[in-house]
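Sequence positions in the sequence shown follow my numbering and run -16 to 106.
All residues carry an ideal CB built from backbone N, CA and C; glycine is no exception.
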Amino acid sequence: MAKTTTDDMVAKRLSQLLGDVRNTLKSGEYGNLNGLAAQQETLLAKLLAKPDGQPDLSRAGFEDLIAGAKRNENLLAAALNGIKSARRRHEDVVNLGEATQTYDRTGRRSKLTPITADLEKRS
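Okay, here's the thing in structure tokens:
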């Protein structure tokens, strides 16, 4: 049986932490990410603290950490895209009554103003 090193224990905790980040991203609790990032930095510093900067990990340990990090990278990108989309939609709703920028056939920019209906009062 392989001997478990301190680096293996740190890597296991880091892998669990990557899972926590994943769950946080999926639940939309983005306010918790700063604390999790700080914990990740601390654990990574422990892994790289050796004079040669090489942690004593198995290949499987490295692959597990890389897979978790890539998974979270994809989730972060998707979350960022969702936030940008929501921001654009919010701006569209806020600017609903204002003129819209458009382009004609020749590529010149012009404003498309909303049509306002005036009600006539009949006596």
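Asked	Found
Inter-residue spacing [alpha-carbon to alpha-carbon] between G14 and T89	47 Å
Pick from G80, L26, I66 and N17 that is closest to D(-10), judged by C-alpha positions	L26
Residue span of the beta strand (DSSP E) that contains Q37, given as start and end	Element bounds for Q37: n/a, residue is neither H nor E.
Length-filtered (3 minimum) beta strand (DSSP E) runs lying within the region 28 to 94	83 to 86
Helix, strand or coil at G2 [DSSP, three-state]	helix
Candidates L0, L58 and T(-12): closest to L48 by CA position	L0
Cutoff 8 Å; reference R54; Cβ partners in own chain excluding five residues on either side	L1 and R5
Supposed contact pair Q23 and L(-3) - C-beta distance, whole angstroms, cut 8 Å	7 Å
Whether V(-7) touches K29 by CB criterion (8 Å)	yes
Coarse secondary structure for G18, derived from DSSP in three states	helix
Reduced DSSP category for T25 - H, G, I as helix; E, B as strand; rest coil	helix
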